[in-house]
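Participant:
In the working numbering, the protein residues as written are 4 to 195.
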């Protein structure tokens, strides 16, 4: 029997996660079947189960990788920034990933019943808050945004706004109005 090299296993896992992301985005988490994911990636269902024990495990991996990707995008846009421009970039990414934002709300719903998903969700949330906080502290130290509220509280306010804006996009609100709400709300939260 030939050995499977670690690089191949890693690439196979990535392809499976990408296929699951597409299927979950198209159909939603609950209606999606492992058969459909296996078909999408071009492997047998048995092969799929050799990488992931359950559909729930796939959802966990998707939520982790999506969060990491968004954090990387946001952190990259923060480098050398002395303005609120990275938040504009963050909004653009929300619009870009609009078709899959509903997965965030499915994960939130599942977290109320599953301790493991809840823990993953909390870790993702904490990472996002940490990234926002560091950026906001930098802007506060330069006098660009208000400093009468600590940066962690401001980071939580921005995260709450992010969740509400994502919900509006998922529900199909007018994008120009949603963008305007994002911009005005950020100004209200952050400006001196």
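Heads up, the beta-carbon is just placed ideally off N, CA and C, and yes, glycines get one too.
#1: Using a threshold of 7 Å, state whether the C-beta atoms of residue 22 and residue 56 are closer than that.
#2: What residue range is occupied by the uninterrupted alpha helix (DSSP H) comprising residue 24?
#3: Grouping DSSP H, G and I as helix and E and B as strand, with all else coil, what is residue 90?
#4: Enumerate in chain order the residues of its own chain whose CB-to-CB distance from residue 28 is below 7 Å, with the five nearest sequence positions on each side excluded.
#5: With residue 124 as the anchor, note down where its alpha helix (DSSP H) starts and where it stops.
#6: Assuming contact is defined by CB atoms lying nearer than 7 Å, are residue 65 and residue 26 in contact in what I supplied?
#7: Mind checking residue 35: buried by the 16 CB within 10 Å criterion, or exposed?
#8: Please return the same chain residues whose Cβ sits closer than 8 Å to the Cβ of residue 162, not counting the five positions on each side in sequence.
#9: So is residue 8 buried or exposed if we call it buried at 16+ other beta carbons inside 10 Å?
#10: Using three-state DSSP, classify residue 56 as helix, strand or coil.
#11: Can the beta-carbon of residue 109 be found less than 7 Å from the beta-carbon of residue 32?
#12: Locate the alpha helix (DSSP H) running through residue 202, then write down its first and last residues.
Facilitator: The answer reads as follows:
#1: Here residue 22 corresponds to residue number 19 of the chain shown, with the count starting at 1. Here residue 56 corresponds to residue number 53 of the chain shown, with the count starting at 1. With respect to residue 56, residue 22 sits apart: the two C-beta atoms are not nearer than 7 Å.
#2: Start at 1 with the first residue of the chain shown, and residue 24 comes out as number 21. Looking at the DSSP string, the run of the alpha helix (DSSP H) that includes residue 24 is 9 to 30.
#3: The count along the chain shown starts at 1 and reaches residue 90 at position 87. Helix, per DSSP.
#4: Here residue 28 refers to the residue found at position 25 when the chain shown is read from its first residue. For residue 28, same chain residues with a beta-carbon under 7 Å away, outside a window of 5 residues either side, are 102, 103, 106 in chain order.
#5: Here the question's residue 124 lines up with position 121 in the chain shown. Segment 118 to 144, the alpha helix (DSSP H) holding residue 124.
#6: Here residue 65 refers to the residue found at position 62 when the chain shown is read from its first residue. Here residue 26 refers to the residue found at position 23 when the chain shown is read from its first residue. No, the Cβ-Cβ distance between residue 65 and residue 26 is not below 7 Å.
#7: As a first step, residue 35 must be located in the chain shown, where it is residue number 32. With 16 or more Cβ atoms within 10 Å of its Cβ, residue 35 is classed as buried.
#8: Counting from one through the chain shown, the residue named residue 162 turns up at place 159. So the qualifying residues of the chain are 128, 131, 132, 135.
#9: Residue mapping note: residue 8 aligns to position 5 of the chain shown, counting from 1. Here residue 8 is exposed: its Cβ has fewer than 16 other Cβ atoms, across all protein chains shown, within 10 Å.
#10: Within the chain shown, numbered from 1, the residue matching residue 56 stands at position 53. In this structure, DSSP gives residue 56 a state outside helix and strand, which the three-state scheme calls coil.
#11: For the purposes of this step, residue 109 is taken as residue 106 along the chain shown, with counting starting at 1. For the purposes of this step, residue 32 is taken as residue 29 along the chain shown, with counting starting at 1. Their beta carbons are under 7 Å apart, which means residue 109 touches residue 32 by this criterion.
#12: Any property of residue 202 remains undetermined from this structure, which presents the chain solely from 4 to 195.
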